[in-house]
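Chemist: Sequence lines, in order, name chains A, B and C. Be aware that the first sequence starts at 1, since it is given in UniProt numbering, and climbs by one per residue. Be aware that the second sequence starts at 1, since it is given in UniProt numbering, and climbs by one per residue. Be aware that the third sequence starts at 1, since it is given in UniProt numbering, and climbs by one per residue. For each residue, glycine too, the CB sits at the ideal point set by N, CA and C.
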Amino acid sequence: MALPFSTEDLSIYYGEYQAVKNISMSFPAQSVTALIGPSGCGKSTFLRSLNRMNDEIAGSRTTGHIWMDGIDLTASSTDVIKLRQRIGMVWQRPNPFFKSIYENIAFGPRYYGTKNRKQLDEIVESSLRKAALWDEVKDRLKESALSLSGGQQQRLCIARALSVTPQILLLDEPASALDPVSTGKVEELISELKDELRIVIVTHNMQQAARVSNYTAYFYLGKLMEHGETDTIFTNPTQQSTQDYIMGRFG
Amino acid sequence: MEQSNTTPREARRRAWPMEKHRVEDWIGRIYTSICVVFLIAVIISIVYFVTSKGVATFAVNGVSLKEFFLGTNWNPQADTPSFGALPFITGSFMVTLLAALIASPLSISAALFMTEIVPSFGKRILQPAIELLSGIPSVVYGFIGLSVIVPFLREHVGGQGIGIGAGALVLSIMILPTITSVAADALASLPRGLREASYALGATRWQTIYRVVLPTVMPALLTGIVLGMARAFGEALAVQMVIGNSPHIPTSLLESASTLTSVITLGMGNTAMGSIQNNALWSMALVLMLMTFVFVLIIRLLERRNRL
Amino acid sequence: MSTVKVNQKARKRAKATDKLATVLIVTFAMAIVAILLGLLGFILFRGLGHISWNFLTSVPQTMRAGGGIGPQLFNSLFLLFLTMLITVPLGLGAGIYMSEYAKPGKLTNFIRLVVEVLSSFPSIVIGLFGLLLLVNTFNLGFSLLSGALALTIFNLPLMVRITEQAFAGVPKEQKEAGLALGLSKWKIITSIMLPVAIPSLITGTILASGRVFGEAAALLFTAGMSTPPLDFTNWNPFSPRSPINPLRPAETLAVYIWKVNSEGIAPDATQIAAGASAVLVIMVLIFNLLARFLGRTLYRYMTASRRMS
């Protein structure tokens with residue numbers, strides 16, 4: 001069953017400054033939603049609020065609601081750690097743990113309670129396969145993850161996020177620090193993964209948004225300007241500002 | 001919906017049951033807090049015990065503050081004992097100031113040499129060497145003083161060799177690495193552009209150092225000097241070994257003298273806990289502690305200036 | 001025309017000053033290096049001749065020549081071990097608190113002040129405190145345990161700082177990755193951050209060990225200035241003659257150097273002091289080199305493409 005996942009009147013403040021302004025939007029199942037907009041428009045902040053990573057920033061404050069499966073994620077009573085176990089996240093710069101390739105993947109599942117060595121082996125293999133990395137690393141699982149190339153590290157981070165079977169995957173410019181070949185692989189990966197989970201991706205690259213996403217949301221100055229199917233947004237935007245941004249007139 | 005007949009708390013528990021991550025976070029929080037509480041308890045008890053023992057000389061034994069701080073006659077074992085600690089207070093300040101006077105110019109030169117004249121060599125070879133020297137135990141410096149400095153002074157300068165001058169020399173050698181490494185860190189952390197701007201204006205290296213570099217790092221240099229002085233003021237054994245340990249205010253650098261630390265070192269084993277003689281030593285420890293506060297205060301003030 | 005001349009003159013003078021200053025700085029710096037290296041060389045040169053297996057293992061003599069430093073060397077090492085056993089867990093906990101839990105505010109500033117003040121206390125004052133509280137009030141007597149606790153107080157602020165810096169040096173992306181994976185904060189600290197911090201923790205801890213190893217003033221009135229006759233075949237920690245009995249007095253190498261210098265009456269007291277000083281300096285050297293070597297090796301081990309568990 002697809003779980004409803006949406007925000008309602010969500011605002012985020014850093015001190016007095018309102019970085020994200022009253023955003024209500026939903027993320028349909030089995031689809032990729034791209035968040036686009038010029039730098040500083042609040043799209044990354046918005047993304048980071050979806051698994052409450054903003055809590056870690058001193059002085060940040062959130063109002064409104066994030067609904068997941070009938071539960072309000074923003075409620076102070078919500079167990080943030082359990083919540084994050086269901087929402088995976090990958091950053092712009094790959095951040096593998098200072099551990100072996102195997103340990104990077106097995107760490108999460110083991111923490112969640114899978115102790116059986118064989119089961120862990122299976123999880124490691126299937127996660128690495130999903131991230132299209134298995135063939136490259138299957139013979140060197142015991143080596144340090146930091147010995148991988150940047151593109152491989154990024155796919156390892158995706159595999160790490162997938163290892164705990166999240167329902168939602170948040171990607172913060174996952175390909176912007178990678179070379180074109182690695183970027184292609186990551187994009188391919190995103191298209192394949194959307195059959196299993198909801199993906200929300202922040203990107204600065206219009207072509208990328210057009211290629212990988214089903215829905216696109218355009219952010220400007222902390223507001224959600226326009227949100228709809230990617231085809232519509234890119235070919236027939238209703239707002240002048242959206243069109244200007246997509247056409248590369250600013251940003 | 002279906003959750004309407006359960007309380008929010010129950011619903012929450014059903015959705016997110018109590019789990020090990022909460023237990024773990026409790027363990028972490030409690031463990032680290034206990035360590036911090038221990039740290040605070042230690043300092044509070046040190047301050048409390050040293051203060052209460054140190055004050056006892058005046059409050060319980062009735063020695064007057066005037067006698068202790070201004071009296072020059074230290075004779076606790078006599079029939080009518082006297083407790084003038086001025087010679088030791090003077091001794092401590094004299095060796096500390098002398099050591100700082102000798103060590104500061106040398107250390108700052110060494111730091112300038114390391115960072116401004118041969119930066120790469122300085123960083124690779126000299127910095128580790130200086131760090132190594134700052135780890136040499138103080139009794140070794142005391143032994144060096146006893147077997148090199150004292151004979152040298154005796155043969156080439158005069159007197160017994162032991163005395164306030166020898167103490168100051170030993171301490172200055174001991175604090176050289178301290179001041180040098182603080183100064184070198186400060187110099188190395190200056191933005192490169194600062195020097196280049198000066199050179200671009202046609203200034204010579206010395207002009208750059210004198211007019212641009214030194215004024216900028218002055219608070220940090222002073223911090224290093226004060227740190228060195230704090231170390232010198234509190235050092236016990238190295239000084240005690242070479243200063244001669246006679247209880248009077250010296251009139252020349254070659255004369256034997258005492259410091260607060262050397263008197264404590266020698267006296268603590270020979271006096272009974274709780275006796276007036278013993279309490280008088282605690283009063284000196286109190287003076288040492290108060291001076292520590294003063295040094296920390298000065299360093300804090302300098303650091304604040306450094307940030308501005 | 002004339003201003004150019006004046007400028008030239010000023011430039012010439014500036015250049016001369018520059019040269020003079022450079023010469024002075026170099027001379028001073030060289031003087032320092034010469035002094036320090038000379039003294040260090042002197043210690044090693046004078047002491048090395050006296051170091052032999054016999055010197056390192058035999059018991060000291062009060063009146064006769066030919067005494068060794070065996071028990072003192074053992075005491076120093078064992079005391080260091082005990083001290084680190086207490087200091088490391090406490091320092092790690094407090095350092096982790098400072099770097100991961102403390103929120104900016106009055107309390108944190110106060111703790112920082114505490115650490116700074118404690119690290120500036122003269123070690124003789126810490127020794128006195130140990131005498132009053134540990135030796136007398138807690139009735140631990142002049143003992144290894146009293147000494148280890150006093151050295152813990154002496155070393156704790158440094159350990160806290162080392163830990164705080166080691167954890168502050170862990171990239172924040174590591175922490176974020178752990179958070180996003182739904183790990184508890186404590187799990188992130190112990191399983192994600194600690195392994196990354198280990199190289200600098202080890203380096204710092206070994207350097208701190210060198211400092212502990214050479215400390216004497218804090219020990220005069222806590223671990224004591226004597227050692228009972230030790231029976232190195234007796235490993236029962238409750239026996240008074242056992243070397244590992246934590247409640248026996250234990251004179252360390254540094255304390256022994258001080259004692260020999262101030263009241264040694266053996267005919268070869270000076271040579272013994274020289275030999276013992278050389279041993280102390282060599283130990284500090286070993287700690288220093290070990291710290292650098294281990295720190296670098298561990299870091300390489302963690303990031304290199306080599307098999308790891």
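Counting along the chain, where does the beta strand (DSSP E) carrying alanine 78 of chain B start and finish?
Modeler: From DSSP, alanine 78 of chain B is part of no beta strand (DSSP E); its letter is neither H nor E.
Chemist: When burial is assigned at 16 or more other CB atoms within 10 Å of the CB, is arginine 211 of chain B buried or exposed?
Modeler: exposed
Chemist: According to DSSP, which residues form a beta bridge with isoleucine 13 of chain A?
Modeler: Sequence inspection shows tyrosine at residue 13 of chain A; the isoleucine mentioned does not correspond to that position. Its beta-bridge partners are A:Gln18 and A:Arg61.
Chemist: State the Cα-Cα distance for the pair glutamate 188 of chain A and serine 182 of chain A, rounded to the nearest angstrom.
Modeler: Computed Cα separation, rounded: 10 Å.
Chemist: Tell me histidine 227 of chain A's beta-bridge partners as DSSP assigns them.
Modeler: A:Ala217
Chemist: For glycine 105 of chain C versus threonine 222 of chain C, is the C-beta spacing smaller than 7 Å?
Modeler: No; because the gap between Cβ atoms is not below 7 Å, this pair is not in contact.
Chemist: Taking Cβ-Cβ distances shorter than 9 Å, what residues in chain B pair up with isoleucine 81 of chain A?
Modeler: Under the 9 Å cutoff, chain B gives Trp16, Glu19, His21, Arg22 and Asp25.
Chemist: Would proline 157 of chain C pass as a contact of leucine 107 of chain C if the rule is Cβ separation under 7 Å?
Modeler: no
Chemist: Out of curiosity, what's the CA-to-CA distance linking proline 180 of chain A and threonine 216 of chain A?
Modeler: 22 Å
Chemist: Mark glutamate 303 of chain B as exposed unless 16 or more other C-beta atoms lie within 10 angstroms of its C-beta, in which case mark it buried.
Modeler: By the neighbour-count rule (16 or more Cβ atoms within 10 Å), glutamate 303 of chain B is not buried but exposed.
Chemist: Cα separation between serine 200 of chain C and asparagine 95 of chain A?
Modeler: Going from the Cα of serine 200 of chain C to the Cα of asparagine 95 of chain A covers about 20 Å.
Chemist: If the cut-off is 7 Å on Cβ atoms, which residues from the region 180 to 193 of chain C count as contacting chain A, listed in chain order?
Modeler: Ala180, Leu181, Gly182, Leu183, Ser184, Lys187 and Ile192
Chemist: Quick one: measure Cβ to Cβ for threonine 265 of chain B and alanine 236 of chain B, integer angstroms, because I've assumed they're closer than 8 Å.
Modeler: Correct: roughly 5 Å between the Cβ atoms.
Chemist: With distance defined between alpha-carbon atoms, name the residue in A:Ile23, A:Ser144 and A:Ala58 nearest to lysine 103 of chain C.
Modeler: A:Ala58
Chemist: How about tyrosine 245 of chain A: is its C-beta nearer than 7 Å to some C-beta of chain B?
Modeler: no
Chemist: Please classify glutamate 173 of chain A: is it buried, with 16 or more other beta-carbons within 10 angstroms of its beta-carbon, or exposed?
Modeler: Around the beta carbon of glutamate 173 of chain A, a 10 Å sphere encloses 16 or more other beta carbons of the protein chains shown; the residue is thus reported as buried.
Chemist: Can you tell me the Cα-Cα spacing of glycine 161 of chain B and leucine 253 of chain B, whole angstroms?
Modeler: 10 Å
Chemist: Alanine 208 of chain C by DSSP, collapsed to three states: which one?
Modeler: helix
Chemist: Under DSSP, the beta strand (DSSP E) around alanine 34 of chain A begins and ends at which residues?
Modeler: Run containing alanine 34 of chain A: 32 to 36, per the beta strand (DSSP E) assignment.
Chemist: Could you name the residues of the same chain whose beta carbon sits closer than 6 Å to that of aspartate 79 of chain A, not counting the 5 residues immediately before and after it, in chain order?
Modeler: none
Chemist: Can you tell me whether DSSP reads arginine 198 of chain A as helix, strand or coil?
Modeler: strand
Chemist: In whole angstroms, give me the CA-to-CA distance for serine 60 of chain A and alanine 184 of chain B.
Modeler: 39 Å
Chemist: For arginine 117 of chain A, decide whether its Cβ has a neighbour in chain C, counting only Cβ atoms nearer than 7 Å.
Modeler: no
Chemist: Kindly say whether serine 4 of chain B, judged by its beta-carbon, lies nearer than 7 Å to any beta-carbon of chain A.
Modeler: In this predicted model, serine 4 of chain B has a pLDDT of only 44, less than 50, meaning its place in the structure is not dependable enough to derive any value.
Chemist: Is the shortest distance between the beta-carbon of methionine 229 of chain B and the beta-carbons of chain C less than 7 Å?
Modeler: no
Chemist: Since methionine 68 of chain A sits in a beta bridge, which residues does DSSP pair it with?
Modeler: A:Phe5 and A:Ile71
Chemist: Got a sec: is the Cβ-Cβ distance from phenylalanine 69 of chain B to anything in chain C below 7 Å?
Modeler: It does not; no Cβ of chain C falls within 7 Å.
Chemist: Starting from aspartate 172 of chain A, trace the beta strand (DSSP E) in both directions and tell me its first and last residue.
Modeler: 168 to 172 is the span of the beta strand (DSSP E), which, as asked, contains aspartate 172 of chain A.
Chemist: CB-CB under 8 Å to tyrosine 299 of chain C, same chain, minus the five flanking residues each way: which ones, in chain order?
Modeler: So the qualifying residues of the chain are Pro199.
Chemist: Can you tell me whether asparagine 75 of chain C is buried or exposed, with buried defined as 16 or more other CB within 10 angstroms of its CB?
Modeler: With 16 or more other Cβ atoms within 10 Å, it is buried.
Chemist: To the nearest angstrom, how far is it from the Cα of serine 39 of chain A to the Cα of glycine 222 of chain A?
Modeler: 10 Å
Chemist: I want to see whether chain C comes within less than 7 Å of serine 182 of chain A, judged by CB atoms only; does it?
Modeler: no
Chemist: Return helix, strand or coil for isoleucine 265 of chain C, following the three-state DSSP convention.
Modeler: coil
Chemist: Within the region 105 to 168 of chain B, note down every full alpha helix (DSSP H) run reaching 4 residues or more, in order along the chain.
Modeler: 127 to 134, 138 to 144 and 150 to 156
Chemist: What is the rounded straight-line gap between the Cα of isoleucine 111 of chain C and the Cα of glycine 91 of chain C?
Modeler: 13 Å
Chemist: Which partner residues of serine 100 of chain A appear in the DSSP bridge assignment?
Modeler: Answer is A:Ser144, bridged to serine 100 of chain A.
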